[in-house]
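Counting from 228, one number per residue, gives the positions in the sequence shown under our numbering. One structure below.
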Amino acid sequence: MTILVPNTGEVIALSYLVNKVATPENLIYGLFATNVTPAETDTAATYTEAVGGGYAALTMTGANWTVTGGAPSSAAYAQQTWTFTGALTTNATIYGYFVIRATSVDLVLAETFPSFTPTANGDNIKLTPTITAD
Numbered sequence: 228m229t230i231l232v233p234n235t236g237e238v239i240a241l242s243y244l245v246n247k248v249a250t251p252e253n254l255i256y257g258l259f260a261t262n263v264t265p266a267e268t269d270t271a272a273t274y275t276e277a278v279g280g281g282y283a284a285l286t287m288t289g290a291n292w293t294v295t296g297g298a299p300s301s302a303a304y305a306q307q308t309w310t311f312t313g314a315l316t317t318n319a320t321i322y323g324y325f326v327i328r329a330t331s332v333d334l335v336l337a338e339t340f341p342s343f344t345p346t347a348n349g350d351n352i353k354l355t356p357t358i359t360a361d
């Protein structure tokens, strides 16, 4: 369960660092329902997003991140919850999450977690987005 920043995410980060990207974009956190291992060459198309069961991707707006300098420095967001109304209509099991940019849909990062199969109204997954740099 290690977060992987693929090549596309590395380019995005470096472009922001040197002010090459003029327009910032919010991040969209989605759950993927295919058993894949994140890899350097992944794109957003690598991940099959969950469908059904009340699922919806979550948008993390830039103003709501808290960035703290130090050793390590970090960017943190309030805990987020996906609450399901029942089973998914695509693949039944969720294997992790992926993050894309809202407009360009570039893949930023992905991480697997222990698989979870929502079946009942009220089943949920909680995630506290944190990005650390040291």
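Even for Gly, the Cβ is constructed at its ideal location relative to N, Cα and C. Only a predicted model underlies this, so the values are computations on that prediction, with no experimental measurement involved.
Problem set entry | Secondary structure of residue 262, DSSP reduced to three states | coil
Problem set entry | residue 282 in three-state terms, based on DSSP | coil
For this session: With residue 240 as the anchor, note down where its alpha helix (DSSP H) starts and where it stops.
Result: From DSSP, the alpha helix (DSSP H) with residue 240 extends over 234-244.
For this session: Evaluate residue 299 with the Cβ neighbour count: other Cβ atoms within 10 Å of its Cβ, from every protein chain shown; 16 or more gives buried, anything less gives exposed.
Result: With fewer than 16 other Cβ atoms within 10 Å, it is exposed.
Problem set entry | Segment contact flag, the region 307-325 with the region 240-260, C-beta cutoff 8 Å, min 3 pairs | yes
Problem set entry | Where residue 273 falls: helix, strand or coil (DSSP) | helix
Exercise. For residue 311, does the count of other Cβ atoms within 10 angstroms reach 16, so buried, or fall short, so exposed?
Worked result: With 16 or more other CB atoms across the displayed protein chains lying within 10 angstroms of its CB, residue 311 is buried.
For this session: Pair every Cβ in the region 342-349 with every Cβ in the region 284-304, then say whether three or more of these pairs are closer than 8 Å.
Result: no
Problem set entry | Beta-bridge pairing of residue 354 - partner residues as DSSP gives them | 307
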